[in-house]
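Plus 2 on top of the position in the sequence shown (first one is 1) and you've got the numbering used here.
Ideal Cβ positions, reconstructed from N, Cα and C, are used throughout, including at glycine.
In what follows, a structure is listed as structure tokens, so that the remarks can point back to it.
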Amino acid sequence: MFHFSNNLEVLHLESKIWEQLDYFQSAAYTQEYLNMRYKKVPSNIDACKMGYDNCYTFMYYLEHGKLYYHQAEMSPLAIKPVLLFYGLVHLIKACLLTVDPNYPETTSVLAHGVTSRKKKKRQYQFIYDEVKVQRLGLFTHFSKKMFHVEHLDGEKFSMKDLLSQLPELDDCLKLFQITNFIDVYKHDNTYCLPITILDYYHKTFNSFKEYIDVRSNSKILWEEPTKDNIYFTCNKALPLPFRYNVDKKSYCLPVEKNILGMIPELSIYYLLLYNLSMIARYETEWWSELLKTTPTNDFPIIGKFLSISMYKTPYLVHQFLLNK
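This is the structure:
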């Protein structure tokens, strides 16, 4: 059965996220928060001084990011990608400032750090488009500093593969025969996966267990699998490649094992919104035809993706800032 999020629940979630991010509009609170974060930074800095120096910059990044999101909520679909992308950029810069007190130390980290195809083909479809990661720029910088993800420069990612890593989009993609996730069920403190996940990953139970354990910062306790299921407990948030579906309030696991499975969702949203914002700005003819005539599957997928971006990206930022 397909699961579509309740609009009232989504609006409530979105409202609560911004309400809690607004805590940072207190300079006293923000200075103390940054001071605490900078004490954990592995470099010889004066945490108190840097917290004071960066306080208002951090606050302004969040404030401007929120403005972009609120404008996106009220704007037509035609310009929504541009507003959401630049809103996300500001929120990411706020996150970045908590782990990189000297940001931006050089001008090389100010560029987007991603390129897209400049000229779209005649039979162009968004889901088959690609972006390429550059060696320098904001994308590689925040991926490294915030998530310790490196060696992405030169990598190309298709929109279909990126979209397939977003759990809230799974029901929409299923309509087009694209299945990406297996649900992880939870009862009390025990998680449950169907044993068929081993077939998808081409692994035995022991090798699957090892694959998950080496990627986890928390202790996962595994039980002996049954004929149908794998059971385990974990006292913290589940690590990648598990992803959290805020619509269903549960975890899921991608059915394909690839490099994207280990890339955080904020990075994936950045790549997708970057490309969509470039299309909305520079591919006017194709973008307008898509919005007016909806000739391909691109339209419902893009529309749903942008709706999800409105609440999932602030949620991910909230998790990074307040759940560390």
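| Asked | Found |
| --- | --- |
| Only counting runs of 3 or more residues, tell me where the beta strand (DSSP E) segments fall wholly within the segment 163-202, in order along the chain. | 183-185, 187-189 and 192-196 |
| Look at the alpha carbon of K259 and the alpha carbon of T206, and state the distance between them as a whole number of angstroms. | 14 Å |
| Does DSSP put P256 in a helix, a strand or coil? | strand |
| Measuring straight from C-alpha to C-alpha, what distance separates T286 and L293? | 10 Å |
| Compute the beta-carbon to beta-carbon distance between N231 and C194, rounded to the nearest angstrom, for a pair I have assumed lies under 8 Å. | 5 Å |
| For F144, which residues in the same chain have their Cβ closer than 6 Å to its Cβ, ignoring the five residues on either side in sequence? | I94 and L98 |
| Quick one: grab the DSSP three-state call for L154. | coil |
| Count the other C-beta atoms from every protein chain shown that fall within 10 angstroms of the C-beta of A96, then say buried if there are 16 or more, exposed otherwise. | buried |
| Between the segment 83-93 and the segment 59-74, are three or more C-beta pairs nearer than 8 Å? | yes |
| Return the chain-ordered list of same chain residues with a C-beta closer than 6 Å to the C-beta of N299, the five sequence neighbours on each side being excluded. | F178 |
| Note the first and the last residue of the continuous beta strand (DSSP E) segment covering N37. | Note, N37: premise wrong, no beta strand (DSSP E); alpha helix (DSSP H) at A29 to Y40. |
| Taking all protein chains shown into account, decide if N325 is buried (16 or more other Cβ within 10 angstroms of its Cβ) or exposed. | exposed |
| Among the residues of its own chain, which have a CB less than 7 Å from the CB of T32, if the five just before and after it don't count? | F26, C57, F60 and M61 |
| Grab me the residues of S77's own chain with a C-beta within less than 8 Å of its C-beta, minus the 5 sequence neighbours each way, in chain order. | L85 |
| Please report the Cβ distance between I129 and I303, rounded to the nearest whole angstrom; I am assuming they are in contact, meaning their Cβ atoms lie under 8 Å. | 7 Å |
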